[in-house]
Amino acid sequence: MRRLNDYPAIAVAAALGAAVRLAFAEALEPTWYSTTTVNLVACLAAGLAIRWIADSERLRRVITAGLLGGLSTFATLTEDLRQLVASGDTGPLLLAFAAAVIGCPAVFLLARGRPGE
């Protein structure tokens with residue numbers, strides 16, 4: 061059973077992650093490129109958090125579900141892909157789709173390493 065007292069810390073971390081995502085998107089101008097980059101970074105960081113923070117389930121949850129959950133965004137990626145489909149811009153569409161479907165899980169698994177390491 062999850063402890064309810066973790067929820068406030070997770071909520072604060074998620075708000076911080078969302079603010080970082082917005083700042084990053086504004087620095088690069090919100091496009092499929094900024095969304096894809098943020099999602100790849102969040103997946104890489106999630107893998108590293110799971111690998112390096114083995115002693116504290118609470119801290120892992122605050123970082124992965126909170127901070128990195130707020131940082132990454134599937135909803136924005138979906139809208140970016142819709143816009144690329146509408147524009148007929150196939151190159152960026154395929155790149156963004158491949159990064160989401162292949163790249164994000166790949167960087168997560170590489171960063172996480174083998175379970176038990």
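Following the numbering used here, the numbering of the sequence shown begins with 61 at its first residue and continues without gaps.
For glycine and all other residues, C-beta sits at the position ideal for the given N, C-alpha and C.
Take residue i and list the residues in its own chain whose beta-carbon comes closer than 8 Å to its own, dropping the five residues that flank it on each side.
i: residue 116; result: none
i: residue 98; result: 81, 84, 85, 131, 132, 133
Quick one: Cα of residue i to Cα of residue j, how far?
i: residue 105; j: residue 146; result: 32 Å
i: residue 65; j: residue 78; result: 21 Å
i: residue 61; j: residue 159; result: Only weak support exists for where residue 61 lies, its pLDDT of 48 falling under 50; the coordinates are left without a value.
i: residue 96; j: residue 151; result: 14 Å
i: residue 140; j: residue 149; result: 11 Å
i: residue 162; j: residue 92; result: 16 Å
i: residue 110; j: residue 120; result: 7 Å
i: residue 138; j: residue 113; result: 31 Å
i: residue 123; j: residue 70; result: 8 Å
i: residue 76; j: residue 68; result: 12 Å
i: residue 135; j: residue 90; result: 13 Å
Output needed for residue i: all residues of its chain with C-beta closer than 6 Å, excluding positions within five of it in sequence on either side, in chain order.
i: residue 74; result: 126, 129, 130
Where do the ends of the alpha helix (DSSP H) carrying residue i lie?
i: residue 101; result: 92–112
i: residue 70; result: 67–88
i: residue 132; result: Where residue 132 is concerned, there is no enclosing alpha helix (DSSP H), given that its DSSP letter is neither H nor E.
To which residues of the same chain is residue i closer than 7 Å at the C-beta, ignoring the five residues directly before and after it?
i: residue 101; result: none
i: residue 108; result: 171
Please decide whether residue i counts as near chain B, where near means a Cβ-Cβ distance under 8 Å.
i: residue 141; result: No chain B appears in this structure, which consists of one protein chain only.
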